[in-house]
Amino acid sequence: MRHAADELDAMAGLPPLHEAAPPAPAFTPEFLDGPPPQDQLARVRQALSPHPMPIDEIARAAGLNSVQCQAVQMEL
Numbered sequence: 239m240r241h242a243a244d245e246l247d248a249m250a251g252l253p254p255l256h257e258a259a260p261p262a263p264a265f266t267p268e269f270l271d272g273p274p275p276q277d278q279l280a281r282v283r284q285a286l287s288p289h290p291m292p293i294d295e296i297a298r299a300a301g302l303n304s305v306q307c308q309a310v311q312m313e314l
């Protein structure tokens, strides 16, 4: 049977979790200096429903990724 001290000894040589994965790249929308393109606004408007929808479903219907869709919704 292993004890907590045995597990800690086994993990002593591992790097910390915050060093194990590279940082995620920051997202910068293409329209940072102005409003989103009109075609993206129109596609998101058409994809919206009077009923609650997950952001992924709206993005898929609009043909955008979820980050772009969220940025367009913030503009709306």
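Numbering of the sequence shown is given in the working numbering, commencing with residue 239 and proceeding in unit increments.
Even glycine gets a Cβ: it sits at the ideal position worked out from N, Cα and C.
Residue j beta carbon less than 7 angstroms from that of residue i
| i | j | result |
| --- | --- | --- |
| A285 | A299 | yes |
| S273 | E313 | Note that residue 273 is Pro in the sequence shown, not Ser. In this structure, E313 lies closer than 7 angstroms to P273 by Cβ. |
| S304 | D294 | yes |
Residue i, DSSP secondary structure in three states
| i | result |
| --- | --- |
| R283 | helix |
| R298 | helix |
| L252 | coil |
| M312 | helix |
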